[in-house]
Structure formats: structure tokens, C-alpha cells
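One structure below.
There are 2 protein chains.
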Amino acid sequence: MKSWFKQIESSEDGTRFAAAKVLGELTFDHQGLIPVVAQDAENGDILMFAWMNQDALHETIATGRMCYWSRSRKSLWRKGETSGHWQTLHELRTDCDGDVILAKISQEGAACHTLRHSCFYLRLDGDDFVISQK
Amino acid sequence: MKSWFKQIESSEDGTRFAAAKVLGELTFDHQGLIPVVAQDAENGDILMFAWMNQDALHETIATGRMCYWSRSRKSLWRKGETSGHWQTLHELRTDCDGDVILAKISQEGAACHTLRHSCFYLRLDGDDFVISQK
Chain A
-9 MKSWFKQIES SEDGTRFAAA KVLGELTFDH QGLIPVVAQD AENGDILMFA WMNQDALHET
51 IATGRMCYWS RSRKSLWRKG ETSGHWQTLH ELRTDCDGDV ILAKISQEGA ACHTLRHSCF
111 YLRLDGDDFV ISQK
Chain B
-9 MKSWFKQIES SEDGTRFAAA KVLGELTFDH QGLIPVVAQD AENGDILMFA WMNQDALHET
51 IATGRMCYWS RSRKSLWRKG ETSGHWQTLH ELRTDCDGDV ILAKISQEGA ACHTLRHSCF
111 YLRLDGDDFV ISQK
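Line by line, the protein sequences give chains A and B.
The numbering used here puts the first sequence at residues -9 to 124.
The numbering used here puts the second sequence at residues -9 to 124.
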């Protein structure tokens, strides 16, 4: 674990740290990416999982609209730019070792490219997976 | 995207696929790992983010207790084995391209090694991050 996050872990609730410092201490992987979990700000559903590079993260924070890094297209992916399915950022968090982002968002339209509400529509049920949002 | 997941994406709700087939089509990265989001089955809070290899995933499904792969220790990490903070699996999902696992769990004690309820206790608030579970 990065020592900076270790250092602050016993701080009390309400302790503040400059965002620029925390963002600078985040761990990006060998491809320069950090995983991002997008959660529905209203009902807590996990909508999708994607990746950001530094630029995508800074753009997301600056604009309040989710911008990811597309690993397949190797470019910034402004979610909604082609589909109209924009995501508005409500809350951004990182975890105890600063290597994951949790974004609470509100979703215009569908998070999933299949037009389903959430990408996580395959649920294990006994010896099968079943297609099910619930 | 893996073509198998593409193939099944227009299937109707309730369509079933053998779990062994779906598990065999999941994408593990170049280190043999798949990301896992652990969500509180009751209140929807995101508790932690970790990784599984094939063995950890199969053990989790077989036992109903969360088993991850510890990237730092390079070994299976049976969550709770040393801390007593076991995680019981309630529901397991994968996403539209089969490269992430979502596990809805019930948590004994604390998910985070800091003894906080969730690892995501750093919330962006204006120009700061603030330590806050809420």
C-alpha cells in the first residue's frame, strides 16, 4: 500500500486533505489506468465498471460528467457523447489505498450498451447464469 | 469484447446459460486476475474492491465465502481468516463483457482493514477530500 494512504488512515471523520494532493497520490496501473465503479446515486445499483486515466479523471471532476478511458479505442470516452446516455457525477470517492474510484452518478438513459439499466445483468443461479436485472 | 458475450447480449430476461460455460468465457487479465466489486447485500453500500484468480472465484462459489487473490502476498486471501471479518456471498453477477465480478455479500465486522464499514471513506468535497463514510 502507498505509504501516504497508510499515514492518513487513522485520521478522524471530517479530516480534510487537499484534493490535488490526494489525486496526486492515487495509484494508476502500468497502463496509466485506475478502475472506476459507477453506482446509481439514487438507488445504489452498480451500473458499470470502467477505467480512467489521469486526463479522464481530471475532466470528470472539472465537468461533473463522467469521462472514461476506452481501452479498445485508446481514447477518452465521454460517456453519452454518441449515445446521449450521459452520466452526471454526484459524488466521487477513493478507497483506503487509493487505487480505485467510486463514482455515484445519475444516468441519462441506459448505462449499458445493450440499453439495459446496468451492465451487470448476468446473475449466478445454482448451476446457471440467468439474464436478469434483478 | 469477447464474442460469446456479444452473442448472448440480446437474449431475453430469464434466459439461462450453464455456469461452467459462462465462467469459462470470463476474461482474466494478463496476471490471471478479474476485478471484484463487493457490495453490501442489504443496503447497497460498496464495501471493497479486490481481485480474484480462477481458483479464488471457484472457491468463493463453492464455499459461499469470499476468497480473493492477494496481489501483495501472492496467495489466496480468504477474507476473514485472520480478522474474523468473513464475507458471505448472497449473489454473484458478471457484466456485459464478462470481465468484472459483482458480489453482493453480508459482512461480518468491517470490510476495511482500518475497521471502517467500507474502504471507500475518502470523499471528494470541493477542493478537498474528507474522511467520511457518508
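Just so you know, even glycine gets a beta-carbon here, dropped at the ideal spot from N, CA and C.
Only a predicted model underlies this, so the values are computations on that prediction, with no experimental measurement involved.
DSSP three-state assignment for residue i, whether helix, strand or coil
i              : result
H80 of chain B : strand
V90 of chain B : coil
S60 of chain B : strand
S65 of chain A : strand
A8 of chain B  : strand
D3 of chain B  : coil
Q21 of chain B : coil
Q97 of chain B : strand
D45 of chain B : helix
CB contact below 7 Å: residue i versus chain B
i               : result
T84 of chain A  : yes
C102 of chain A : yes
C109 of chain A : yes
R55 of chain A  : no
L92 of chain A  : yes
L112 of chain A : yes
Closer than 9 Å at the beta carbon, the chain A residues around residue i
i             : result
A1 of chain B : First, the amino acid is wrong: residue 1 of chain B is Ser here, not Ala. Under the 9 Å cutoff, chain A gives I121.
One or two residues paired with residue i in a DSSP bridge
i               : result
V26 of chain A  : A:A40, A:I91
F110 of chain A : Its beta-bridge partners do not exist; DSSP assigns none.
D118 of chain A : A:D115, B:A8
Contact list for residue i against chain B, beta-carbon separation under 7 Å
i               : result
D118 of chain A : R6, F7, A8, A9
Q29 of chain A  : I36
Cutoff 7 Å: residue i Cβ touching any chain A Cβ
i              : result
I36 of chain B : yes
R61 of chain B : no
F18 of chain B : no
K26 of chain B : The displayed chain sequence assigns Val, not Lys, to residue 26 of chain B. By this cut-off, V26 of chain B is not an interface position.
L66 of chain B : no
Contact list for residue i against chain A, beta-carbon separation under 8 Å
i              : result
E81 of chain B : R113, L114
Exercise for the section: May I ask you to verify whether the region 33 to 42 of chain A touches the region 15 to 35 of chain B, counting CB pairs closer than 8 Å and requiring at least 3? Expected result: yes
Practice task
Decide yes or no for the touch test of the region 60 to 69 of chain A against the region -5 to 5 of chain A: beta carbon pairs closer than 8 Å, at least 3 of them.
Solution key: no
Exercise for the section: For the region 85 to 94 of chain B and the region 103 to 120 of chain A, state whether three or more C-beta atom pairs, one from each stretch, are separated by less than 8 Å. Expected result: yes
Practice task
Determine contact between the region 107 to 114 of chain B and the region 47 to 61 of chain B, defined as no fewer than three beta-carbon pairs at a distance below 8 Å.
Solution key: Not touching, per the Cβ criterion.
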